[in-house]
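Everything below concerns the one structure shown next.
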Amino acid sequence: MTLAHRIIPCLDTDGERVVKGVNFLGLRDAGDPVALAARYNTEGADELVVLDIAASRDRRPTFLETIRCVAAKLAIPLTAGGGIRTLEDGRAVVRAGADKVTVNTAAVERPELISELSREFGAQAVVLAIDAKRAGGHWEVMVRGGRESASLDATEWARMGVAAGAGEILLTSVDRDGTQSGFDVALTVAISRAVTVPVIASGGAKSPQHFVEIFQEGAADAALAASIFHDQVQSIRTLKEFLAASGVAVRFPC
Amino acid sequence: MRVTILDYGAGNVPSVERALRRLGAESHRSDSPEGISKADALLLPGVGHYAALVRALDEKHLRAPLLYAIHRGVPFLGICLGLQVLFKSSEEGGQLQGLNLLPGIVSALPPNVKLPHMGWNQLVKKRDSSLLAGVDAGAYFYFAHSYAALDSHGPTAATCSHGAEFAAVIEQNNIYAVQFHPEKSGDSGARVLQNFVRRAA
Chain A
1 MTLAHRIIPC LDTDGERVVK GVNFLGLRDA GDPVALAARY NTEGADELVV LDIAASRDRR
61 PTFLETIRCV AAKLAIPLTA GGGIRTLEDG RAVVRAGADK VTVNTAAVER PELISELSRE
121 FGAQAVVLAI DAKRAGGHWE VMVRGGRESA SLDATEWARM GVAAGAGEIL LTSVDRDGTQ
181 SGFDVALTVA ISRAVTVPVI ASGGAKSPQH FVEIFQEGAA DAALAASIFH DQVQSIRTLK
241 EFLAASGVAV RFPC
Chain B
1 MRVTILDYGA GNVPSVERAL RRLGAESHRS DSPEGISKAD ALLLPGVGHY AALVRALDEK
61 HLRAPLLYAI HRGVPFLGIC LGLQVLFKSS EEGGQLQGLN LLPGIVSALP PNVKLPHMGW
121 NQLVKKRDSS LLAGVDAGAY FYFAHSYAAL DSHGPTAATC SHGAEFAAVI EQNNIYAVQF
181 HPEKSGDSGA RVLQNFVRRA A
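Chains A and B supply the protein sequences, listed in that same order. If you count the first sequence from 1, position 212 lands on 212 in my numbering, and the numbers rise without skipping. If you count the second sequence from 1, position 96 lands on 96 in my numbering, and the numbers rise without skipping.
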């Protein structure tokens, strides 16, 4: 009896349609979020993340409607975020049906946002998303969709975020994202050992072996991927069968 | 029969409603003493901070009607914080008093594991459980909490472990409670909700 390692598909949306970039650029359309959500719910995804990567103010109502429609399809937890700048933004996302809210750039600019959300919804509902990029011997926090350095050490920021009330870290390797060359094991293990909360590793997944590595060597509690699931390069069930055969505890829906 | 969901402002009310609707069970929300007094079956969902739940029960004057309904034998299901509030108090809530329907207190899970206990875990059955009827022994349920009932023996039908063993399923007469989120636990969770609805019918 152990806590299962979680497999989390991520829907990067422009508010309405699923898009996915390579190194955060070159977006292309990957489909209908509601149809994908229903598929992942049945295939054994442990959670679902929906992000509004455009995060434009005027498209916000569209994104909230997307969350409502996605939540209606799910019997698993839903995390939503992208462009969450205020407590009120967080409330809107939770009211639309998200169980957890992710914060990123706005939390770097104003760390109290984490505490405000945590006080209202509990730490288990606040996911601090960190986009990290290697800079010599350490990793730097990147903001604005991975484009700008925040001149902040990723390990330090993870610790501060947890102290402020984040209950989970969604850690994306900017170097690996979209490359399909494997998760960043060194980055993930560094952050996972630095904090007391679960860490979701993201960026670079392709093969089932990449997932085994990130759980066994990277000390990740969960692993997130997008395009390999959307494009059906990898089915969640066969991935979980591979993980189970490699000695990683995973959940199979009964 | 319809299930009255105590709506004190918890984030998971819509998910619980959706899960009940999928089972074909009728439900409605109430945050009034009258609504609770008239209920055929009560469901208290909860997520977030223990203090927020206890304060909401008192500010909305729901404590007395809730206790009265449970003493009268109205089937009650508590989810997550809805389980924790059945005890005398919680380390998360300082001096705030819980419903004191079950012996013991709610404590923090030990810090030698990642907290919150977040994700899918399995149960160990301690005795016959009507909530778990028809649920596979190896079934997984979704948990998201940092506090738990560590010393609840009598009413505990199943436990889970994360750093320490804690009460995951409680059944005592008409009182049912689960530490996990059945509304987020796929088919296994749906079965638990269905078992409660059947029991309440």
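Even for Gly, the Cβ is constructed at its ideal location relative to N, Cα and C. Owing to the predicted nature of the structure, the values given are computational and were not obtained by experimental measurement.
- Under the Cβ criterion (8 Å, minimum of three pairs), the segment 75 to 94 of chain B counts as touching the segment 36 to 45 of chain B.
- Under the criterion of beta carbons closer than 8 Å, residue 20/B and residue 193/B qualify as touching, at roughly 6 Å.
- Contacts between residue 18/B and chain A, judged by CB atoms closer than 7 Å, involve 72 in chain order.
- Between residue 136/A and residue 102/A, the C-beta spacing is not below 9 Å.
- DSSP, reduced to helix, strand and coil, places residue 43/A within a helical segment of the structure shown.
- The segment 150 to 159 of chain A and the segment 191 to 211 of chain A touch, with no fewer than 3 CB-CB distances between them shorter than 8 Å.
- When beta bridges are read from the DSSP output, residue 122/B appears opposite 140/B.
- Shown here, residue 160/A sits in a helix according to DSSP, grouped into three states.
- For residue 10/A, the pairing in a beta bridge is given by DSSP as 49/A.
- Scanning its chain for C-beta atoms nearer than 6 Å, with the 5 sequence neighbours on each side dropped, one finds around residue 100/B the residues 88, in chain order.
- Our two residues, residue 71/B and residue 172/B, have alpha carbons roughly 12 Å apart in a direct line.
- Listed along chain A, no residue sits closer than 8 Å to residue 174/B by beta-carbon distance, the nearest being about 26 Å off.
- The beta carbon of residue 251/A falls within 9 Å of a beta carbon belonging to chain B, placing the residue at that interface.
- Just measuring C-alpha positions, the residue of 143/A, 16/A, 73/A and 167/A sitting nearest residue 121/A is 167/A.
- Residue 131/A and residue 192/A have their C-alpha atoms roughly 14 Å apart.
- Classified as exposed, residue 187/B has fewer than 16 neighbouring CB atoms from the shown chains inside 10 Å of its CB.
- Using beta-carbon distances, residue 38/A does not count as an interface residue toward chain B, since no partner is under 9 Å.
- Spatial neighbours of residue 51/B in its own chain (CB-CB distance under 8 Å, excluding positions within 5 residues in sequence) are listed in chain order as 92, 93, 94 and 96.
- Within the segment 89 to 175 of chain A, the complete beta strand (DSSP E) segments of 3 residues or longer fall at 100 to 103, 126 to 135, 138 to 143, 148 to 153 and 168 to 173, listed in chain order.
- Residue 41/A has its alpha-carbon roughly 25 Å from the corresponding atom of residue 198/B.
- For residue 97/A, the chain B residues whose C-beta falls within less than 9 Å of its own C-beta are 14, 15 and 18, listed in chain order.
- With the rule of 3 Cβ pairs closer than 8 Å, the segment 50 to 70 of chain B does not count as touching the segment 125 to 139 of chain B.
- Restricting attention to 31/B, 64/B, 28/B and 84/B, the CA atom closest to the CA of residue 166/B is found in 84/B.
- Take residue 219/A, set aside five residues on each side of it, and the residues of its chain with a beta-carbon closer than 6 Å to its own are 189 and 192, in chain order.
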